[in-house]
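Visitor:
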Amino acid sequence: MSSARLRRWLPVAAALLAGVAAGLVLSAGAPRRPAEGEPLRHEDPRIAAEETDPAVLFAWYLTSLSHFQGRRFAEGRRVVVRLGAAHLPADVQVLAREVDALLIKEGSILEAADLWLREGAGLLATGRIEAADPLLAQIDQYARRGMILADDLLEGIEALGRQSRVAALPKGAPERQAYDDLLSALPQIKVLLEQYRTGAADARALALALAAGLIGTGPLTGPPGLAGLAAGLPESLAEQLAYATRITLTAVSPAYPGRAVTVRGTAAEEGPASLRPIILRLDDAPLATFPLGPFRGDVPLPPGTTPGMHTLSATVPAAGPYLAAAAQAPLRVVQALPAVRLQLPAQALAPGRLRVSGRASSRFGPLAAATVEVRVGPVSAAGRASDRGEFALTLRLPAALDLVGAQNVTVRVVPEQPWNAPGEARASVFVINLINVAIAGAVALLAPMAALAYRSSRRRRMARREPEPLPATAWSLPPLRLPEPVVEVPSPATPRDELIATYREAAAAVQRLTGMELAPAMTLREYARLVRPLLRSDAFGQLTTLVEAALYSPRPVTLDQPPQARDFTARVEREVAHVG
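Every letter in the sequence shown is one number past the one before it in the numbering used here, and letter 285, counting from 1, is 371.
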């Protein structure tokens with residue numbers, strides 16, 4: 087299409103957009119809700135519900151009209167319904183109820199005209215002319231009906247002003263000011279309806295021209311169609327006609343892989359229902375869909391979801407005149423830690439068997455079919471838990487020498503369910519190694535027997551040894567470490583000397599029997615211990631004790647000690663004679 091033809095049809099598109107804009111924004115002269123500083127008691131709804139002054143009704147009607155012209159149709163109707171609780175005189179109440187009904191009908195007509203104009207223009211923007219034409223045709227009928235109701239509404243307001251005597255109040259009074267503002271706002275309702283009707287008629291005419299091929303030959307969604315014409319204006323048609331969508335989303339944390347997470351939220355459109363879905367995603371992966379409106383559900387997470395922080399998002403896709411919307415919520419994903427209870431004996435034998443049993447569970451119940459591995463040192467065994475999470479495994483302990491004493495028992499559980507984390511439990515068992523015990527017992531048993539055999543063998547060897555004859559000059563004993571030299575005397579001069587002489591006789595007899603001599607560096611006591619195993623009695627040991635006391639004790643030898651010494655010597659000589 088040439089630029090000249092495009093300029094020729096721009097006024098038509100502008101007329102369409104002007105008609106749509108009329109329903110979207112307030113006109114410059116539209117009444118506003120009274121300021122908070124003004125002395126009007128209707129600002130507090132609780133007071134208005136009990137108000138007995140009929141003049142306050144006009145301020146409320148003015149507020150309702152402000153809502154209608156701002157496309158807040160539901161809020162405007164609620165204001166009128168709220169006035170039904172006001173206490174009014176009977177003659178005034180009849181007129182007020184008629185005005186209430188007319189105002190509610192007027193708001194419904196405005197809402198229907200606004201809705202159909204937006205839907206019709208949106209259908210035209212996407213090329214659906216046949217679907218848009220019936221909607222645009224209805225707007226003309228509703229707008230004409232609304233104009234008639236606007237006249238009836240003006241008459242009702244004037245009659246209510248006269249009946250309540252508000253119209254007779256002086257100008258400048260608060261109640262009279264609200265009445266005058268209301269009368270000024272009512273004609274603008276007809277202006278707004280006329281703008282809806284004109285916009286619908288212009289849009290319908292443009293649609294018929296497009297359908298007849300009077301404008302361009304391309305598709306309606308591209309130049310030189312309607313969208314192409316609208317693209318040359320300050321704002322695109324889609325932006326002028328778009329319905330916004332509000333959406334919220336919350337999720338319960340933490341969540342678990344493979345288990346359901348509770349999500350809730352709401353999605354609301356500023357327009358008629360479009361039947362668009364709410365798409366729930368986890369990190370851009372689709373999870374579930376919900377219908378528009380308040381939603382709540384338990385959505386299972388994928389089993390392979392990794393623990394950590396994730397992003398849960400709810401989106402409503404764009405469609406026609408409806409804008410897209412999205413909301414996000416953080417989601418923390420974790421795995422439940424299992425609890426493992428063990429049962430095993432305090433001691434075990436090696437080689438032997440060790441039975442380990444127990445039960446594994448988490449906050450979600452038993453760990454059914456979980457893989458269980460038990461390890462003690464180098465030995466391990468594996469199996470599966472039952473549906474109740476119970477397990478029992480038997481380990482064969484080998485005959486290893488290092489497997490002894492306190493040993494750690496480690497049980498590792500790997501669950502089948504993705505929402506449970508692997509777990510581990512530890513215990514201790516005292517291992518009694520039979521090989522080590524046998525070796526220690528053999529050593530403890532054979533050691534005394536070997537010592538006894540050695541002593542018996544040595545005694546037998548010494549008993550079989552023949553004593554060597556003593557030389558004639560070697561009978562005398564070596565020095566006995568006497569404090570004074572031993573002097574040969576024909577006969578003992580003192581008891582001490584007699585005692586020493588008696589010992590020499592006994593020592594000579596013992597030497598003949600055992601063949602063992604008293605060495606120069608050997609004491610009398612050491613010699614007595616040396617020969618004691620070869621003597622039958624301890625007479626020689628007792629005699630040695632008497633002699634040592636006589637040699638080294640400061641106490642003198644008594645007269646009764648020599649006879650004792652002679653008695654011990656006689657016993658030694660008899661023993662030697664008996665052996666010989």
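Ideal Cβ placement from N, Cα and C applies to all residues, glycine included. Keep in mind it's a predicted model, so treat the numbers as computed, not measured.
Counting only the same chain and skipping the five closest in sequence on each side, list residues whose C-beta sits under 8 Å from that of Arg512.
Guide: Residue numbering aside, residue 512 sits at position 426 when the sequence shown is read from its first letter. Asn494, Val495, Thr496, Val497.
Visitor: For a test of the three-state rule: what should DSSP assign to Met395, helix, strand or coil?
Guide: On the sequence shown, residue 395 is found 309 positions in, with the first residue counted as 1. Reduced to three states, the DSSP call for Met395 is strand.
Visitor: At which residues does the beta strand (DSSP E) containing Arg498 begin and terminate?
Guide: Position 412 of the sequence shown, counting from 1, holds the residue named residue 498. Residues 491-500.
Visitor: Rounded to the nearest angstrom, how far is the Cβ of Pro403 from that of Arg445, given a contact under 8 Å?
Guide: Taking the sequence shown and counting its residues from 1, one reaches residue 403 at position 317. Taking the sequence shown and counting its residues from 1, one reaches residue 445 at position 359. At roughly 50 Å, the Cβ-Cβ gap does not stay under 8 Å, so Pro403 and Arg445 are not in contact.
Visitor: Can you tell me whether Ser339 is helix, strand or coil according to DSSP?
Guide: In the sequence shown, residue 339 corresponds to position 253, counting from 1. In the structure shown, Ser339 sits in coil (DSSP, three-state: anything other than H, G, I, E or B).
Visitor: Give the straight-line distance between the Cα atoms of Leu196 and Val338, rounded to the nearest whole angstrom.
Guide: For the purposes of this step, residue 196 is taken as residue 110 along the sequence shown, with counting starting at 1. For the purposes of this step, residue 338 is taken as residue 252 along the sequence shown, with counting starting at 1. Answer to the nearest angstrom: the Cα atoms are 43 Å apart.
Visitor: Taking buried to mean at least 16 other C-beta atoms within 10 Å of its own C-beta, is Gln503 buried or exposed?
Guide: Here residue 503 refers to the residue found at position 417 of the sequence shown. That one is buried.
Visitor: Tell me, which residues are paired with Tyr408 by DSSP?
Guide: Locating residue 408 in the sequence shown gives position 322, where the first residue counts as 1. In DSSP, Tyr408 forms a bridge with Tyr329, Ala405.
Visitor: Measuring CA to CA, which of Thr600, Ala415, Val617 is closest to Ile333?
Guide: Translated into the one-based positions of the sequence shown, residue 333 becomes position 247. Per the Cα distances, Ala415.
Visitor: Just the C-alpha distance for Val347 and Pro386, rounded to the nearest angstrom, thanks.
Guide: Residue mapping note: residue 347 aligns to position 261 of the sequence shown, counting from 1. Residue mapping note: residue 386 aligns to position 300 of the sequence shown, counting from 1. Each residue's alpha carbon lies about 6 Å from the other.
Visitor: Let me check understanding here. Comparing Cα to Cα, which of Pro437, Ala528, Pro407 lies closest to Leu483?
Guide: As a working note, residue 483 is residue 397 in the sequence shown. It is Pro437.
Visitor: Just verifying my parser: in three-state terms, what is the DSSP assignment at Pro273?
Guide: By 1-based counting over the sequence shown, the position of residue 273 is 187. If DSSP states are grouped into helix, strand and coil, Pro273 belongs with the helices.
Visitor: Return the first residue and the last residue of the alpha helix (DSSP H) that Thr149 is part of.
Guide: As a working note, residue 149 is residue 63 in the sequence shown. Run containing Thr149: 142-155, per the alpha helix (DSSP H) assignment.
Visitor: Hey, out of Glu459, Asp473, Arg541, Asp288, whose CA is closest to Thr480's CA?
Guide: For the purposes of this step, residue 480 is identified with residue 394 of the sequence shown, where counting begins at 1. Measuring from the Cα of Thr480, the nearest candidate turns out to be Glu459.
Visitor: Measuring CA to CA, which of Pro640, Arg641, Val617, Pro642 is closest to Thr630?
Guide: Taking the sequence shown and counting its residues from 1, one reaches residue 630 at position 544. Selected option, being the one with the closest Cα: Val617.
Visitor: If I measure Cβ to Cβ from Ala432 and keep anything under 8 Å in the same chain, skipping five residues before and after, which residues do I get?
Guide: Residue mapping note: residue 432 aligns to position 346 of the sequence shown, counting from 1. Closer than 8 Å at Cβ, skipping near neighbours: Val515, Phe516.
Visitor: Compute the minimum distance between the beta carbon of Leu489 and the heavy atoms of the ligand COA, and state whether it is under 7 Å.
Guide: The model depicted lacks the ligand COA and carries no ligand whatsoever.
Visitor: In the DSSP output, what is Ser443 paired with across the bridge?
Guide: Position 357 of the sequence shown, counted from the start, is the residue given in the question as residue 443. In DSSP, Ser443 forms a bridge with Gln429, Ala478.
Visitor: Provide the residue span of the beta strand (DSSP E) that contains Arg512, from first to last.
Guide: As a first step, residue 512 must be located in the sequence shown, where it is residue number 426. Per DSSP, Arg512 belongs to the beta strand (DSSP E) from 509-519.
Visitor: Over what stretch of residues does the beta strand (DSSP E) that includes Ala486 continue unbroken?
Guide: In the sequence shown, counting from the first residue as 1, residue 486 sits at position 400. That residue, Ala486, is in no beta strand (DSSP E); it is neither H nor E in DSSP.
Visitor: Please list, in chain order, all residues of the same chain as Ala198 whose beta carbon is under 7 Å from its beta carbon, the five residues on each side excluded.
Guide: Translated into the one-based positions of the sequence shown, residue 198 becomes position 112. The answer, listed in chain order, is Tyr228.
Visitor: State the beta-bridge partners of Gly438 as determined by DSSP.
Guide: The count along the sequence shown starts at 1 and reaches residue 438 at position 352. Paired residues: Leu483.
Visitor: Does DSSP put Leu210 in a helix, a strand or coil?
Guide: As a position in the sequence shown, residue 210 is number 124, starting the count at 1. In this structure, Leu210 counts as helix in the three-state DSSP scheme.
Visitor: Assuming contact is defined by CB atoms lying nearer than 8 Å, are Thr391 and Val419 in contact in what I supplied?
Guide: In the sequence shown, the residue the question calls residue 391 occupies position 305. In the sequence shown, the residue the question calls residue 419 occupies position 333. Yes, the Cβ-Cβ distance between Thr391 and Val419 is below 8 Å.
Visitor: For Ala485 and Phe477, I'd like the C-alpha separation in whole angstroms.
Guide: On the sequence shown, residue 485 is found 399 positions in, with the first residue counted as 1. On the sequence shown, residue 477 is found 391 positions in, with the first residue counted as 1. C-alpha separation (whole angstroms): 26 Å.
Visitor: What does Gln414 pair with, by DSSP beta-bridge criteria?
Guide: Here residue 414 corresponds to residue number 328 of the sequence shown, with the count starting at 1. Gln414 pairs with Ser399.
Visitor: Taking just the CA atoms, how far does Gly451 sit from Pro501?
Guide: Position 415 of the sequence shown, counted from the first residue, corresponds to residue 501. Position 365 of the sequence shown, counted from the first residue, corresponds to residue 451. When rounded, the distance between both Cα atoms is 12 Å.
Visitor: Alpha carbons only, please: which of Gly208, Glu612, Lys276 is nearest the one belonging to Phe154?
Guide: For this step, residue 154 is matched to residue 68 along the sequence shown. Here the closest residue by C-alpha is Lys276.
Visitor: Quick check: the stretch 372-382 against the stretch 348-359, are at least 3 beta-carbon pairs closer than 8 Å?
Guide: Yes: at least three Cβ pairs fall under 8 Å.
Visitor: What did DSSP end up calling Arg345 once you bin it into helix, strand or coil?
Guide: The sequence position of residue 345 within the sequence shown is 259, counting from 1. Reduced to three states, the DSSP call for Arg345 is coil.
Visitor: Below 8 Å on the Cβ atoms is my guess for Leu632 versus Leu585; work out the distance and round it to an integer in Å.
Guide: As a first step, residue 632 must be located in the sequence shown, where it is residue number 546. As a first step, residue 585 must be located in the sequence shown, where it is residue number 499. Going by Cβ atoms, the distance from Leu632 to Leu585 rounds to 6 Å, so yes, they are a contact pair.
Visitor: To which residues of the same chain is Ala411 closer than 8 Å at the C-beta, ignoring the five residues directly before and after it?
Guide: Numbered from its first residue, the sequence shown carries residue 411 at position 325. Around Ala411: Ala330, Thr331, Arg332, Ile333, Ala353, Thr401, Val402.
Visitor: Just verifying my parser: in three-state terms, what is the DSSP assignment at Thr630?
Guide: Here residue 630 refers to the residue found at position 544 of the sequence shown. Residue state, collapsed to three classes: helix.
Visitor: Just verifying my parser: in three-state terms, what is the DSSP assignment at Ala371?
Guide: For this step, residue 371 is matched to residue 285 along the sequence shown. In the structure shown, Ala371 sits in a strand (DSSP, three-state: E or B).
Visitor: Secondary structure at Arg350, three-state DSSP: helix, strand or coil?
Guide: Reading the sequence shown from its first residue, position 264 is the one you call residue 350. Of the three classes helix, strand and coil, the one that applies to Arg350 here is strand, per DSSP.
Visitor: Which residues share a DSSP beta bridge with Gly379?
Guide: The residue given as residue 379 occupies position 293 in the sequence shown. Note: Gly379 sits in a beta bridge opposite Ala353.
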